[in-house]
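Residues 293 to 541 (the numbering used here) make up the sequence shown, in order.
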Amino acid sequence: MVHFVGAGPGAADLITVRGAELLKNAEVIIYAGSLVNKELLSYADEKCGIYNSASMTLEEVIAVMTENRDRNVVRLHTGDPAVYGAIREQMDRLNELGIKYEVCPGVSSMFGAAAAVNAEYTLPGVSQSVIITRLAGRTPVPEKESMESLASHGASMVIFLSAGMTGELSEKLIKGGYSADTPAAIVYKATWQDEKTVITTVGGLEKAARENGITKTALILVGGFLGNQYERSKLYDPMFSHGFRKAAE
Ligand code: SAH
Numbered sequence: 293m294v295h296f297v298g299a300g301p302g303a304a305d306l307i308t309v310r311g312a313e314l315l316k317n318a319e320v321i322i323y324a325g326s327l328v329n330k331e332l333l334s335y336a337d338e339k340c341g342i343y344n345s346a347s348m349t350l351e352e353v354i355a356v357m358t359e360n361r362d363r364n365v366v367r368l369h370t371g372d373p374a375v376y377g378a379i380r381e382q383m384d385r386l387n388e389l390g391i392k393y394e395v396c397p398g399v400s401s402m403f404g405a406a407a408a409v410n411a412e413y414t415l416p417g418v419s420q421s422v423i424i425t426r427l428a429g430r431t432p433v434p435e436k437e438s439m440e441s442l443a444s445h446g447a448s449m450v451i452f453l454s455a456g457m458t459g460e461l462s463e464k465l466i467k468g469g470y471s472a473d474t475p476a477a478i479v480y481k482a483t484w485q486d487e488k489t490v491i492t493t494v495g496g497l498e499k500a501a502r503e504n505g506i507t508k509t510a511l512i513l514v515g516g517f518l519g520n521q522y523e524r525s526k527l528y529d530p531m532f533s534h535g536f537r538k539a540a541e
């Protein structure tokens, strides 16, 4: 059995209780070495076989899973495995090989980053939607999902894998409709000990990244949710009734 486990955004105690239990019981762990906190490996038994997938191909990862098909294998991915985790291709190979698997979710860095800047993505009166995207790099992004067209919604945006391209990002966000003074944040290594947060604007992204020496392992957050204008929630409004509470008379 293979368990795809979300390691959480960085801090070792942000793995789920289930994820930690799976690590303790693992006989083999294949972890994404470039971003997973190595402290998590201390959960593992001394006899556990440990592989760093940073230098492995998909074929090599699947070969380790196949050799250990009768053991407890944990495939440890950063954040939540469903976001830029490349798990689908692994699951499809495992289907072909008749190897069972399960996914244990994790805390994505997008939530680690929101926590780092005390932000709420879905702020009433500002935005009720979150767009998770990236700039095209060596992995292309479908034409219909260009940064300009996604920016045109004015929704809250979380931009992965693009910290080294803040100039291009800023230009495209503005072309898409955000004003240059729209609030933005760069969150480097959210929840790690060396976390760094930079509050800036869409127009100031490139300068802010350069001045702080940030080129990778960062998320760019964009939108009015980082500003100070919003409406209070209906849910906790004394004049608003719902299933669990009656409005004040
Ligand atoms: N599955 C992961 C994302 C993997 S893609 C998740 O749910 O978070 C790798 C990208 O995620 C990095 O390039 C960076 O943009 C972002 N990232 C991962 N961990 C991060 C962290 N602790 N702080 C900021 N960004 C992070």
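From the three backbone atoms N, C-alpha and C, an ideal C-beta is built for every residue, glycine too.
How many Å lie between residue i and residue j at the Cα?
i: Leu442; j: Ala539; result: 38 angstroms
i: Ser454; j: Lys508; result: 8 angstroms
i: Ala303; j: Val320; result: 22 angstroms
i: Leu518; j: Ser448; result: 9 angstroms
i: Lys499; j: Leu332; result: 35 angstroms
i: Glu487; j: Met357; result: 33 angstroms
i: Phe296; j: Val366; result: 6 angstroms
i: Ile423; j: Ala476; result: 14 angstroms
i: Arg310; j: Cys396; result: 7 angstroms
i: Trp484; j: Gly390; result: 37 angstroms
Can you tell me which of the three DSSP states residue i falls into?
i: Ile391; result: coil
i: Tyr241; result: The requested residue 241 does not occur in the structure, where the chain is confined to residues 293 to 541.
i: Ala304; result: helix
i: Arg380; result: helix
i: Phe532; result: coil
i: Lys488; result: strand
i: Phe516; result: The sequence as given places Gly at residue 516; Phe does not occur at that position. Helix at Gly516.
i: Asn317; result: helix
i: Tyr335; result: helix
i: Leu386; result: helix
i: Thr458; result: helix
i: Arg502; result: helix
i: Met279; result: The requested residue 279 does not occur in the structure, where the chain is confined to residues 293 to 541.
i: Met449; result: strand
Please indicate yes or no: does the CB of residue i lie closer than 7 angstroms to some heavy atom of the ligand SAH?
i: Asp245; result: With the chain covering only 293 through 541, there is no way to say anything about residue 245.
i: Ala477; result: no
i: Leu327; result: yes
i: Gly404; result: yes
i: Tyr323; result: no
i: Pro301; result: yes
i: Leu332; result: no
i: Gly371; result: yes
i: Ser438; result: no
i: Gly311; result: no
i: Leu442; result: no
i: Thr489; result: no
i: Phe296; result: no
i: Tyr376; result: yes
i: Ala304; result: no
i: Ser345; result: no
Find the nearest neighbour of residue i within the set the options, judged by alpha-carbon distance.
i: Ile322; options: Ile307, Gly496, Val353 and Leu314; result: Val353
i: Ala299; options: Val422, Ala472, Gly371 and Ile478; result: Gly371
i: Ser462; options: Arg426, Val422 and Lys488; result: Arg426
i: Ser345; options: Ile379, Leu465 and Ala407; result: Ile379
i: Ala482; options: Val309, Lys316, Gly496 and Val328; result: Val328
i: Gly516; options: Val494, Met439, Gly535 and Asn504; result: Val494
i: Ser326; options: Lys316, Tyr343 and Pro397; result: Tyr343
i: Ala411; options: Lys436, Val450, Gly377 and Lys392; result: Val450
i: Glu394; options: Ala472, Tyr413 and Ala374; result: Ala374
i: Thr458; options: Gly496, Ile424 and Gly341; result: Gly496
i: Gln521; options: Thr308, Thr474, Ile307 and Glu359; result: Thr474
i: Lys392; options: Tyr376, Ser334, Val422 and Asn360; result: Asn360
i: Ser444; options: Tyr413, Phe452 and Ser421; result: Ser421
i: Ala408; options: Phe536, Lys526 and Leu513; result: Leu513
i: Asp337; options: Val294, Leu315 and Ala501; result: Leu315
i: Gly398; options: Gly468, Gly456, Thr308 and Tyr376; result: Thr308
i: Ile466; options: Val490, Pro301, Gly456 and Met439; result: Met439
i: Asn364; options: Gly377, Tyr335, Glu437 and Ala318; result: Ala318
i: Pro301; options: Met293, Ser525, Ala406 and Met348; result: Ala406
Stretch pair the stretch 381 to 388 + the stretch 410 to 427: three plus CB contacts closer than 8 angstroms: no
Can you find at least 3 beta carbon pairs, one from the stretch 392 to 403 and one from the stretch 427 to 437, that sit closer than 8 angstroms? no
Within the chosen definition, does the stretch 499 to 508 reach the stretch 530 to 539 through at least 3 CB pairs nearer than 8 angstroms? no
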